[in-house]
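Heads up, the thing below is written out as structure tokens.
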Amino acid sequence: MTKIPLRRIAARALPLDDHDRVLLLHGFDPARPDQPFWFTVGGAVEDGETPQEAAAREMYEEVAIRAPLEDFSGPYEARTIEFEWAEYAITQDQSFFAIRVGDAAVSFEHMDQIEKDTTTAYRWWSAAEIEASEEVFHPADLAVILRKIGEESG
Numbered sequence: 001m002t003k004i005p006l007r008r009i010a011a012r013a014l015p016l017d018d019h020d021r022v023l024l025l026h027g028f029d030p031a032r033p034d035q036p037f038w039f040t041v042g043g044a045v046e047d048g049e050t051p052q053e054a055a056a057r058e059m060y061e062e063v064a065i066r067a068p069l070e071d072f073s074g075p076y077e078a079r080t081i082e083f084e085w086a087e088y089a090i091t092q093d094q095s096f097f098a099i100r101v102g103d104a105a106v107s108f109e110h111m112d113q114i115e116k117d118t119t120t121a122y123r124w125w126s127a128a129e130i131e132a133s134e135e136v137f138h139p140a141d142l143a144v145i146l147r148k149i150g151e152e153s154g
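In this text, residue positions in the sequence shown follow the UniProt record's numbering: the first is 1, and each later residue adds one.
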């Protein structure tokens, strides 16, 4: 089956608790439900939005955490990735922004239905836990990005 090409700009939010653990979501591509992975909060930048605004909006939509735009720091990493999701072959220019959220409560209540259907859990992860884990993470070098944030903010 030929995939539908899609090019987009995305912003990834890295919500951090008081112990420098990042909030990640666990889910799967509906075309490959037997291959789950952990991923960062975030999504496409909408028309007229800055990447920071998109990161803030996506964080609220996906995990129901609000934070002032000026509290986002970064970008800590910017890259272009290619991946498949459902019927799409996506090329995505993405940037990562950190945000301190303390012990914020997490909820999936504002997610789109497809996100609710394909997101199974959330967890707070430290860089060391990510490095020691056998789980699949996107991006694969997330622990490196987290350590960079710690070095620049600490």
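Just so you know, even glycine gets a beta-carbon here, dropped at the ideal spot from N, CA and C. What you are looking at is a predicted structure, and each value in this text was computed from that prediction instead of being measured.
(request) Using the Cα positions of Ala-67 and Ala-105, report the straight-line distance between them to the nearest angstrom. (result) Here residue 67 refers to the residue found at position 67 of the sequence shown. Here residue 105 refers to the residue found at position 105 of the sequence shown. If you take the alpha carbons of Ala-67 and Ala-105, they lie about 12 angstroms apart.
(message) So Gln-25 and Ala-98 are supposed to be a Cβ contact under 8 angstroms. How far apart are they, rounded?
(response) Start at 1 with the first residue of the sequence shown, and residue 25 comes out as number 25. Start at 1 with the first residue of the sequence shown, and residue 98 comes out as number 98. Sequence check: residue 25 is Leu here, not Gln. About 16 angstroms separates the Cβ atoms of Leu-25 and Ala-98, ruling out a contact at the 8 angstroms cut-off.
(message) Rounded to the nearest angstrom, what separates Arg-12 and Val-63 at their Cα positions?
(response) Here the question's residue 12 lines up with position 12 in the sequence shown. Here the question's residue 63 lines up with position 63 in the sequence shown. Between Arg-12 and Val-63, the C-alpha separation is close to 13 angstroms.
(message) Does any residue of chain C have a CB that is nearer than 7 angstroms to the CB of Glu-135?
(response) No chain C is part of this structure, which consists of one protein chain only.
(request) Would you check if there are 3 or more beta carbon pairs closer than 8 angstroms linking the segment 114–128 to the segment 27–42? (result) yes
(request) Measure from the alpha carbon of Ser-73 to the alpha carbon of each residue in Ala-89, Gln-52 and Arg-79, then state which is nearest. (result) Sequence index remark: in the sequence shown, residue 73 carries index 73 (1-based). Checked all of Ala-89, Gln-52 and Arg-79; the closest Cα to Ser-73 is Gln-52.
(message) Taking the alpha carbon of Trp-85 as the reference point, which residue from Phe-37, Arg-57, Trp-124 and Arg-21 has its own alpha carbon closest?
(response) Walking along the sequence shown from the start, residue 85 turns up at place 85. That would be Phe-37, whose Cα lies nearest to the Cα of Trp-85.
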